[in-house]
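Visitor:
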Amino acid sequence: MKRLCWIFVAVIFCTSWGAVWGGELAEIVRGPVLGSPSPTSVAVWLQASVSRTIRVTAVEFDSPGAEIFSSWVPLRPEARLMATVVLEGLTPGTRYRYRVETADGTMWKHKNAVFRTPPEAGAPIRVTMAAGSGANHWAHFRTGIWSAIADSGPDLFLALGDTPYADALLWREDHLWNDARERYETLPSEESRQMLEDLGHQYRRRAADAIPLSYESFRETKNFDKMTRKSFWVATWDDHETGMDNGDRENPVLEQARDWFEAFTPNPSFGANGEGVYWTQQWGDIDIILLDDQSFRTPTTAALAHPETATLLGSGQFDWLVGQLTHSKAVFKIVVSGSPFNAFSRKEDAWVSYPAERERLMDAIARNRVNGVVLLSGDIHRSELFRLPWLEERGGYGLYELVASPLFQRARACGDVVPFREFCAGDPEKSILELFAWIEADTTLDDPLLKFQVRDHRGEVLLDRGLRASQLQWPAKSELGR
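Here the working numbering is used: the first residue of the sequence shown is 7, the next is one more, and so on.
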């Protein structure tokens with residue numbers, strides 16, 4: 007009799023979680039997007055077509071037991087019927103199957119709605135990540151890149167910026183306002199000041215609709231949800247999310263853009279004191295430090311005129327970054343910037359225009375003898391690998407930068423051979439390229455391995471490189487005099 011009872015319970019459970027997987031709740035029109043992975047919690051973003059009160063339910067994948075429930079969260083019209091729901095009480099390093107339930111008894115479920123929580127901070131791990139930037143869905147809506155990434159099955163997707171092009175519907179306002187700013191700075195007058203102010207008001211009125219519409223259309227890109235329902239979306243931004251091409255801290259829609267970025271992005275935190283979007287994602291003994299290269303950036307014209315005082319990060323974020331690197335115990339520390347660090351991007355709105363701040367950062371890494379630093383960036387519509395000499399010049403190790411771009415956008419040419427560049431994938435014909443970075447880390451090895459590739463939407467591997475932790479270490483002080 008007892009055995010029959012257990013069979014009965016198993017049948018009920020399978021009906022609830024197994025056999026019915028593959029259905030759809032019609033009201034969910036965008037998402038789910040997984041985010042904020044921690045050892046004991048995750049977040050799920052979604053958007054519906056009608057008002058509902060929802061919760062997220064999860065159960066262990068490999069040894070199903072008690073269900074875990076989030077709190078009930080309303081989807082309200084004034085919030086565009088979207089919300090980020092936090093699910094707590096999870097077990098570190100465990101696979102879960104999840105679904106979305108409504109208060110009236112309907113549900114969203116899918117056989118591939120599965121995630122794995124990170125292990126405890128500092129634990130040796132094996133983890134896979136995809137990464138990319140530059141997803142112009144206005145130019146190429148039916149991309150194959152999301153399906154290719156989803157089929158690869160990464161634990162995380164690192165969104166490096168320009169995902170989406172939220173300024174695409176603001177091109178006119180952007181150019182009018184920047185032209186007015188230039189006139190005011192060149193010939194300041196009450197008339198030019200008033201023109202700049204009026205165009206700023208016009209810009210903000212237009213952005214109130216244009217920016218969220220851009221996010222919504224981006225989230226409908228072919229197979230985007232195929233990836234985000236099972237891989238965590240770990241994001242920062244670059245200029246196009248801010249509503250201004252090559253933007254800076256004077257951007258009149260920056261605050262609006264940050265609010266929309268926060269509303270559409272299931273990150274656990276956004277900068278500090280209500281400013282910026284920078285944060286750190288931990289996965290075992292790997293730290294992924296995501297920078298904000300927009301909110302505090304000195305305008306390019308002023309930066310080029312006074313490079314010794316120009317800032318890309320702002321003093322608060324710079325100090326935070328140095329603290330993150332200095333105190334981190336992670337084997338690998340992946341520092342993410344939407345704009346390239348190297349001096350050869352052929353773009354002025356990148357670190358090349360802020361050399362003094364970049365030197366201060368290298369000095370801080372050297373002064374604190376920070377091991378395991380690797381740079382990851384995007385933006386420039388081609389993928390590259392650099393081995394930069396900046397830490398070696400200070401007695402340290404070769405500093406690698408992987409530039410992962412574009413996910414889908416018109417490519418730029420690699421151009422002439424440039425110093426320190428070991429790989430480039432671009433196209434002088436400016437065709438649509440669909441590329442992403444693939445990163446694997448295994449810190450369970452005696453000499454931990456960080457492997458990175460560049461792949462296209464067909465799965466072809468264009469670059470395959472591995473780095474050992476021993477290659478990313480400062481020499482012992484006893485070796486310095488040899």
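Here a beta-carbon is modelled for each residue, glycine too, at the ideal position from N, C-alpha and C.
1. Name the DSSP bridge partner or partners of I339?
2. Could you give the C-beta distance for E222 and R36, rounded to a whole number, given that I count them as a contact under 8 Å?
3. Taking the alpha-carbon positions, what's the E84 to E446 distance?
4. Between D68 and the ligand GTP, is there a pair consisting of the residue's CB and a ligand heavy atom that are separated by less than 8 Å?
5. By the DSSP assignment, the beta strand (DSSP E) with D173 in it spans what residues?
6. Among W396, A154, M88, which has the Cα closest to the Cα of R364?
7. Rounded to whole angstroms, what's the CA-CA distance from D244 to S345? Just pull it up for me.
8. Select from T271, A309, V409 the residue whose C-alpha is nearest the C-alpha of P38.
9. Taking 8 Å as the threshold, find out whether the segment 259-266 comes into contact with the segment 223-242 through three or more Cβ pairs.
10. Is the distance from the Cβ of L166 to the Cβ of A137 below 9 Å?
11. Out of curiosity, what's the CA-to-CA distance linking W27 and L405?
12. Starting from D462 and walking both ways along the beta strand (DSSP E), at which residues does that stretch end?
13. Hey, out of R199, W177, A410, whose CA is closest to F489's CA?
14. Please list the segments of the alpha helix (DSSP H) lying wholly inside the segment 268-338, counting only runs of 4 or more residues, in order along the chain.
15. Beta-carbon separation of L296 and Q287 under 9 Å?
16. Might you give, ordered along the chain, the residues of its own chain that have their beta carbon closer than 7 Å to the beta carbon of S77, omitting 5 neighbours on each side?
17. Just checking, does the segment 165-179 make contact with the segment 197-212 on the three C-beta pairs under 8 Å criterion?
18. Just to confirm the assignment, what range does the alpha helix (DSSP H) spanning I155 have?
19. In three-state DSSP terms, what is L96?
20. From which residue to which residue does the beta strand (DSSP E) around I371 run?
21. Determine the closest residue to G249 out of T46, F267, T234, K232, with distance taken between C-alpha atoms.
22. Check this for me: beta carbons of T332 and N252, under 9 Å apart or not?
23. For R187, count the other beta carbons within 10 Å of its own beta carbon; 16 or more makes it buried, fewer makes it exposed. Which is it?
24. Please specify which runs of the beta strand (DSSP E), each continuous and at least 3 residues long, are wholly inside the segment 394-426, giving them in chain order.
25. Are the beta-carbon atoms of Q459 and G140 separated by less than 9 Å?
26. Fully enclosed by the segment 83-151, which beta strand (DSSP E) runs are 3 residues long or longer?
27. Helix, strand or coil for T248, going by three-state DSSP, please let me know.
28. Go through its chain and collect everything with a Cβ distance to N273's Cβ below 7 Å, but skip five positions before and after it.
29. Can you grab the Cα-Cα spacing for the pair P481 / P313, in whole Å?
30. Report yes or no: do three or more beta-carbon pairs, one from the segment 308-322 and one from the segment 101-117, lie closer than 8 Å?
Guide: In this structure, then:
1. Here residue 339 refers to the residue found at position 333 of the sequence shown. Note that residue 339 is Lys in the sequence shown, not Ile. Per DSSP, D293, V379.
2. The count along the sequence shown starts at 1 and reaches residue 222 at position 216. The count along the sequence shown starts at 1 and reaches residue 36 at position 30. E222 to R36, Cβ: 6 Å. Contact.
3. As a position in the sequence shown, residue 84 is number 78, starting the count at 1. As a position in the sequence shown, residue 446 is number 440, starting the count at 1. Going by the C-alpha atoms only, they are around 41 Å apart.
4. What this structure holds is no ligand at all, so the ligand GTP is not there to describe.
5. Stepping through the sequence shown from its first residue, residue 173 is reached at position 167. Looking at the DSSP string, D173 is not in any beta strand (DSSP E), and its letter there is neither H nor E.
6. Counting from 1 along the sequence shown, the entry for residue 364 is found at position 358. The candidate whose alpha carbon is nearest that of R364 is W396.
7. In the sequence shown, the residue the question calls residue 244 occupies position 238. In the sequence shown, the residue the question calls residue 345 occupies position 339. Cα to Cα, the separation comes out at about 7 Å.
8. What you label residue 38 is simply residue 32 of the sequence shown in a count that begins at 1. For the residues T271, A309, V409, the minimum Cα distance to P38 belongs to T271.
9. no
10. For the purposes of this step, residue 166 is taken as residue 160 along the sequence shown, with counting starting at 1. For the purposes of this step, residue 137 is taken as residue 131 along the sequence shown, with counting starting at 1. It is a contact, given that the beta carbons lie within the stated cut-off.
11. For the purposes of this step, residue 27 is identified with residue 21 of the sequence shown, where counting begins at 1. For the purposes of this step, residue 405 is identified with residue 399 of the sequence shown, where counting begins at 1. With a pLDDT of 36 at W27, under the threshold of 50, the predicted position of this residue should be treated as unreliable, though the coordinate-derived value follows. In a straight line, the C-alpha of W27 is about 46 Å away from that of L405.
12. Position 456 of the sequence shown, counted from the start, is the residue given in the question as residue 462. Counting along the chain, the beta strand (DSSP E) containing D462 begins and ends at 455-462.
13. Because the chain is modelled from 7 through 488, residue 489 falls outside the range shown and cannot be assessed.
14. 306-311, 321-333
15. Taking the first residue of the sequence shown as position 1, residue 296 is located at position 290. Taking the first residue of the sequence shown as position 1, residue 287 is located at position 281. Result yes, Cβ atoms of L296 and Q287 sit closer than 9 Å.
16. Within the sequence shown, residue 77 is the residue found at index 71, counting from 1. Excluding positions up to five away in sequence, the list reads R61.
17. yes
18. Locating residue 155 in the sequence shown gives position 149, counting from the first residue. 151-158 is the span of the alpha helix (DSSP H), which, as asked, contains I155.
19. Working through the sequence shown from its first residue, we reach residue 96 at position 90. Note: L96 maps to coil in three-state DSSP.
20. Locating residue 371 in the sequence shown gives position 365, where the first residue counts as 1. Unbroken run through I371 is the alpha helix (DSSP H), 361-373; no beta strand (DSSP E).
21. As a working note, residue 249 is residue 243 in the sequence shown. If we check each option's Cα against that of G249, F267 comes out closest.
22. The count along the sequence shown starts at 1 and reaches residue 332 at position 326. The count along the sequence shown starts at 1 and reaches residue 252 at position 246. It is not a contact, given that the beta carbons lie outside the stated cut-off.
23. For this step, residue 187 is matched to residue 181 along the sequence shown. Buried, by the Cβ-count rule.
24. 405-409
25. Against the sequence shown, residue 459 aligns to sequence position 453. Against the sequence shown, residue 140 aligns to sequence position 134. Cβ atoms of Q459 and G140: not closer than 9 Å.
26. 88-94, 101-108, 120-122, 132-138
27. The sequence position of residue 248 within the sequence shown is 242, counting from 1. T248: helix per DSSP, three-state reduction.
28. Taking the sequence shown and counting its residues from 1, one reaches residue 273 at position 267. For N273, where only same-chain residues beyond five positions count, the Cβ hits under 7 Å are G41, S42, A241, W285.
29. Taking the first residue of the sequence shown as position 1, residue 481 is located at position 475. Taking the first residue of the sequence shown as position 1, residue 313 is located at position 307. Going by the C-alpha atoms only, they are around 32 Å apart.
30. no
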